[in-house]
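Here it is in structure tokens:
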């Protein structure tokens, strides 16, 4: 493994065919969510923004896994980060009923946690798994939001979907982390499973956003 992922053995365009093709799962997730959005009364623009970001994640990741360079790294990473931190802010506001100030402070704190875990991972963990450390913050965020959501009937389904997304993301993060260590035994690696499972995670989060409604800033009573 000389190029960062077990499947890639050289610098050619199709050196990671499975890692590249499985990015189609993100496009499918975005299109399925868009179909739901089109059927939604009110058509939540915030949800549409997240749908477009998921589509961009699929395109950016495909570019990175076929033409890895500093520009395609940005095409891969930027939409992911925008979705992750944007959805955390959305969750604080929509699901927990947080004010704008609390949402901003909470999101900045969450960003700091992600940076701290990323730095700690690179300092402590082996290089082959250190890159996954920063994503642990997203797992903690999903679980934390699901546990903190009010026991309101309107939030029952979104809460269950966030909990499901957290469970699937735990499995997904595991697949990302073991791609390098298991390279000798699994020539294709496991990074492609990270793509497939993450597409499911993102679709689940999009569905939760659509179910939460669009006629008010938060479905929490009294806001």
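Residue numbers (this note's numbering): 5 to 227. Here a beta-carbon is modelled for each residue, glycine too, at the ideal position from N, C-alpha and C. Everything numeric in this text was worked out from a predicted model, so none of it was measured.
Less than 9 Å between the beta carbons of residue i and residue j, yes or no?
| i | j | result |
| --- | --- | --- |
| residue 82 | residue 64 | yes |
| residue 35 | residue 99 | no |
| residue 31 | residue 214 | no |
| residue 38 | residue 55 | yes |
| residue 165 | residue 95 | no |
| residue 188 | residue 132 | no |
| residue 11 | residue 196 | yes |
| residue 74 | residue 136 | no |
| residue 204 | residue 79 | no |
So which of the options has the shortest CA-CA distance to residue i?
| i | options | result |
| --- | --- | --- |
| residue 51 | 16, 76, 115, 93 | 93 |
| residue 134 | 90, 88, 214, 177 | 177 |
| residue 115 | 128, 90, 101 | 90 |
| residue 168 | 184, 145, 194 | 145 |
| residue 235 | 74, 21, 22, 84 | As displayed, the chain neither begins before 5 nor continues past 227, which places residue 235 out of reach and without an answer. |
| residue 198 | 142, 189, 173 | 173 |
| residue 141 | 170, 156, 132 | 170 |
| residue 23 | 132, 193, 208, 120 | 193 |
| residue 209 | 163, 20, 190, 175 | 163 |
| residue 70 | 129, 161, 128, 8 | 8 |
Check the C-beta distance from residue i over to residue j and give it rounded, since I have them as a contact under 8 Å.
| i | j | result |
| --- | --- | --- |
| residue 125 | residue 138 | 7 Å |
| residue 87 | residue 121 | The Cβ separation is near 18 Å, so there is no contact. |
| residue 26 | residue 206 | Not really, about 13 Å apart at Cβ, beyond 8 Å. |
Complete alpha helix (DSSP H) runs within the stretch 71 to 111 (minimum length 4 residues, chain order): 74 to 98
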